[in-house]
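Chemist:
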Amino acid sequence: MKSFLLLTVALTATAFAAERPNILFIFSDDHAQHAISAYGSKVNTTPHIDRLAKDGARFTNSFVSNSICTPSRATLLTGQ
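Whatever position you read off the sequence shown (first residue = 1), add 366 for this note's numbering.
1. Could you please give the first and the last residue of the uninterrupted alpha helix (DSSP H) stretch that includes ARG417?
2. Counting along the chain, where does the alpha helix (DSSP H) carrying ARG439 start and finish?
3. Nearest to ASN388 by alpha carbon, out of ALA404, LEU418, ARG439 and SER403?
4. Where does ALA398 fall in DSSP's three states?
5. Between VAL430 and the rest of its own chain, which residues show a CB-CB distance below 6 Å, the 5 nearest in sequence each way excluded?
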């Protein structure tokens, strides 16, 4: 019975883990959106980022509470 319960818990945990999405967050400092060809750059070619944008989600708006990067970077690293 104990083995069955352990197996059930393990399989349930594996099933829930499989539903989690893969998230790739690209974070760069002082990087303009129009510098990536997926966002319309004619100067810079970024084929790998373009493929990621085509196959996944691409966001066009972002908002920050401070105009310098340090608070945003600290928030991303700490979650606070």
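Glycine included, every Cβ here is placed at the ideal spot set by N, Cα and C.
Modeler: With the structure as the only source:
1. 413-421
2. In the DSSP assignment, ARG439 falls within the alpha helix (DSSP H) that extends over 435-444.
3. LEU418
4. coil
5. SER438
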